[in-house]
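In order, the protein sequences belong to chains A and B. Heads up: the first sequence runs through residues 1 to 147, numbered per our numbering. Heads up: the second sequence runs through residues 148 to 294, numbered per our numbering. Note that beta-carbon positions come from the ideal geometry of N, C-alpha and C, so glycine has one too. Remember, predicted model here, so these are calculated numbers, not experimental data.
There are 2 protein chains.
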Amino acid sequence: MLKEKFNQYSFVLDRTARRVKQFAQSAFVENGIDLTVDQWSVIKTLYEHEDLTHKDLADLCGKDQPTMTRIIDLLIKKGSVQRVEHPTDRRSLHIQLTEVGKDQAKNLAPLVKEFRMQAWENLTDEDFEHFSRILNTIYNNLDKKKI
Amino acid sequence: MLKEKFNQYSFVLDRTARRVKQFAQSAFVENGIDLTVDQWSVIKTLYEHEDLTHKDLADLCGKDQPTMTRIIDLLIKKGSVQRVEHPTDRRSLHIQLTEVGKDQAKNLAPLVKEFRMQAWENLTDEDFEHFSRILNTIYNNLDKKKI
DNA sequence: TACTAATAGTTGTTATGCTAAAAGAAAAAT
DNA sequence: ATTTTTCTTTTAGCATAACAACTATTAGTA
Numbered sequence: 001m002l003k004e005k006f007n008q009y010s011f012v013l014d015r016t017a018r019r020v021k022q023f024a025q026s027a028f029v030e031n032g033i034d035l036t037v038d039q040w041s042v043i044k045t046l047y048e049h050e051d052l053t054h055k056d057l058a059d060l061c062g063k064d065q066p067t068m069t070r071i072i073d074l075l076i077k078k079g080s081v082q083r084v085e086h087p088t089d090r091r092s093l094h095i096q097l098t099e100v101g102k103d104q105a106k107n108l109a110p111l112v113k114e115f116r117m118q119a120w121e122n123l124t125d126e127d128f129e130h131f132s133r134i135l136n137t138i139y140n141n142l143d144k145k146k147i
Numbered sequence: 148m149l150k151e152k153f154n155q156y157s158f159v160l161d162r163t164a165r166r167v168k169q170f171a172q173s174a175f176v177e178n179g180i181d182l183t184v185d186q187w188s189v190i191k192t193l194y195e196h197e198d199l200t201h202k203d204l205a206d207l208c209g210k211d212q213p214t215m216t217r218i219i220d221l222l223i224k225k226g227s228v229q230r231v232e233h234p235t236d237r238r239s240l241h242i243q244l245t246e247v248g249k250d251q252a253k254n255l256a257p258l259v260k261e262f263r264m265q266a267w268e269n270l271t272d273e274d275f276e277h278f279s280r281i282l283n284t285i286y287n288n289l290d291k292k293k294i
């Protein structure tokens, strides 16, 4: 493989990831949605799973725990979620959607799905397969355990 | 296209970009390199181009101007770069590598290239073409001007 | 020439990412 | 049963990302 050619991949990856996020955030603002993209992903995840702890949530959302703590703090301020005692483990907390949060999840999901799709214009199902395969291979190649 | 299937792409994109950066940062630390990945990309870009302004640098590195200002502030503290007056435009500043910065650029480039390549194990040249094409298409699909 | 608009850079604010380290609690080991 | 280790969450500190507002300067235009 030619090292020169491949050396720039992180630039492409980085700027695309940032634009995807930025685009979604703009769409949120335009639609009057008072959430960040990351806050939304937490609400969505909570809507799809029951009784998650901070740690579960962090794993499912691909965030680290300190970040998750802060996102949840913000979501509590906005009234979308609440912390509840874990029934058997006093170290843990369950995070639950409030009624507000459930409404958000229900109402916003189709909208978000809609503008997310704009990224895939001019691309095929096959491209999506390549995309997923290649990015996941990179992700696994750089697994921390292997360092 | 099935919306459900595509809805998760930003998750995959995001976590891969973060891991790539994290991996590089770990390698920097392990090799005793006192730079962040983003600081390194500025040094590298300055080494490859002469007489860049803040704005030029920001564009080439794919960062916005406030972020670039802050990265340069840090690099000045570390002694790698310096700000110089623009010959004809008093609004602008040229950023130059110091001797320290040039040494860093020269010495670190091969090392960085080396561990960057670890991402591409089990992937082919063709995969790299797919990767670049798909990510750049997404990037352009979400162009701000089109919103 | 004088006025207005555009540009380059900086600063402030909020959110996130990462690391390290703390406190409290549970699990494992002796 | 006590000690040690591990786990869950939080806090703190630094760097980056996005956006808005501001200053100084230049360019465009009447």
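Short Cβ contact (9 Å threshold) for residue i with residue j
i: Tyr156 of chain B; j: Ala119 of chain A; result: yes
i: Leu282 of chain B; j: Ile180 of chain B; result: no
i: Ile218 of chain B; j: Gln169 of chain B; result: no
i: Glu273 of chain B; j: Asn141 of chain A; result: no
Contacting residues, own chain, Cβ-Cβ under 6 Å from residue i (five flanking each side not counted)
i: Arg166 of chain B; result: none
i: Ile285 of chain B; result: none
i: Met151 of chain A; result: No answer is possible for residue 151 of chain A: it lies beyond the span of chain A, which begins at 1 and ends at 147.
N-terminal and C-terminal residue of the beta strand (DSSP E) that residue i is part of
i: Gln229 of chain B; result: 228-232
Sequence-distant residues of its chain with Cβ nearer than 7 Å to residue i (five each side left out)
i: Lys293 of chain B; result: Note that Lys293 of chain B has pLDDT 46, beneath the 50 cutoff, so the model's placement of it is unreliable and the number below is only indicative. Correct list: empty, nothing qualifies.
i: Arg133 of chain A; result: none
i: His277 of chain B; result: none
i: Thr98 of chain A; result: Gly79, Ser80, Val81, Gln82
i: Leu221 of chain B; result: Gln186
i: Val231 of chain B; result: Leu240, His241, Gln243
i: Thr192 of chain B; result: Leu204, Leu207, Cys208
i: Gln247 of chain B; result: Before going on, a small fix: residue 247 of chain B reads as Val here, not Gln. The residues are Gly226, Ser227.
Supposed close pair residue i, residue j - CB separation, criterion 8 Å
i: Asp161 of chain B; j: Ala17 of chain A; result: 5 Å
i: Val184 of chain B; j: Leu204 of chain B; result: The Cβ separation is near 16 Å, so there is no contact.
Residue i: first and last residue of the uninterrupted alpha helix (DSSP H) it sits in
i: Ile242 of chain B; result: Note, Ile242 of chain B: premise wrong, no alpha helix (DSSP H); beta strand (DSSP E) at 240-244.
i: Ala27 of chain A; result: 9-30
i: Thr67 of chain A; result: 65-77
i: Met284 of chain B; result: For the record, residue 284 of chain B in the displayed sequence is Thr; it is not Met. It spans 272-288 - the alpha helix (DSSP H) in which Thr284 of chain B sits, taken as one unbroken run.
i: Gln186 of chain B; result: 184-195
i: Ala205 of chain B; result: 201-208
Nonlocal neighbours in the same chain, by C-beta distance under 8 Å from residue i, ignoring five residues either side
i: Asn31 of chain A; result: Leu111
i: Lys249 of chain B; result: Tyr194
i: Phe128 of chain A; result: Trp120
Exercise. Between the region 88-96 of chain A and the region 41-57 of chain A, do at least 3 Cβ pairs fall closer than 8 Å?
Worked result: yes
Exercise. Three or more C-beta pairs closer than 8 Å, one from the region 205-215 of chain B and one from the region 224-236 of chain B: is that the case here?
Worked result: no
Exercise. Any chance the region 257-266 of chain B sits against the region 167-182 of chain B, with 3 or more Cβ pairs inside 8 Å?
Worked result: yes
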